[in-house]
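Residue numbers are given in this note's numbering: position 4 of the sequence shown equals residue -9, and the series is strictly consecutive. We put the beta carbon where it would ideally sit given N, CA and C, even for glycine. Quick caveat, the model's predicted, so the values are computed rather than measured.
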Amino acid sequence: MQATVKTFDDATRSGSVFLDDGTELPFDTAAFDAGPLRLLRTGQRVNILLDGDRITYVTLSTFPVPR
């Protein structure tokens, strides 16, 4: 699933994204650390994995997500 970064705090490595339907979902440090990234910028497109309503993985939209 793809989303757009709304916020990212590089100190805590957590933030939030907008889904394509406008829903905002937060992601925690564990979800960010699960992926290969070092930072994110507002407006950046990302791929995410969800477990229910919880984001478990964040990476750039050009990178594959684990299956």
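Could you say which of the options lies nearest to residue i if we only look at CA atoms?
i	options	result
F(-5)	D20, D38, G39, L37	D20
T(-1)	L47, Q31, R25	R25
Is there a C-beta anywhere in chain B that falls below 9 angstroms from the one on residue i?
i	result
V33	The chain inventory of the structure shown lacks chain B, comprising one protein chain alone.
Which whole-angstrom value describes the C-beta separation of residue i and residue j, a residue pair presumed to lie in contact below a C-beta threshold of 8 angstroms?
i	j	result
E11	S3	6 angstroms
G30	T(-9)	6 angstroms
S48	R28	Their Cβ separation, rounded to whole angstroms, is 13 angstroms, which puts S48 and R28 out of contact at 8 angstroms.
Could you pull out every residue in the same chain whose Cβ sits closer than 8 angstroms to the Cβ of residue i, ignoring the five residues on either side in sequence?
i	result
F14	S1, G2, S3, V4, I35, I42, V45
Excluding sequence positions up to five away, which residues of its chain have a Cβ less than 6 angstroms from the Cβ of residue i?
i	result
L37	none
G22	Y44, V45, T46
Take residue i and list the residues in its own chain whose beta-carbon comes closer than 7 angstroms to its own, dropping the five residues that flank it on each side.
i	result
D(-3)	L26
V52	N34, L36, Y44, T46
Which whole runs of the alpha helix (DSSP H) in the segment -12 to 44 are 4 residues long or more, in chain order?
Within the segment -12 to 44, the complete alpha helix (DSSP H) runs of at least 4 residues are 16 to 21.
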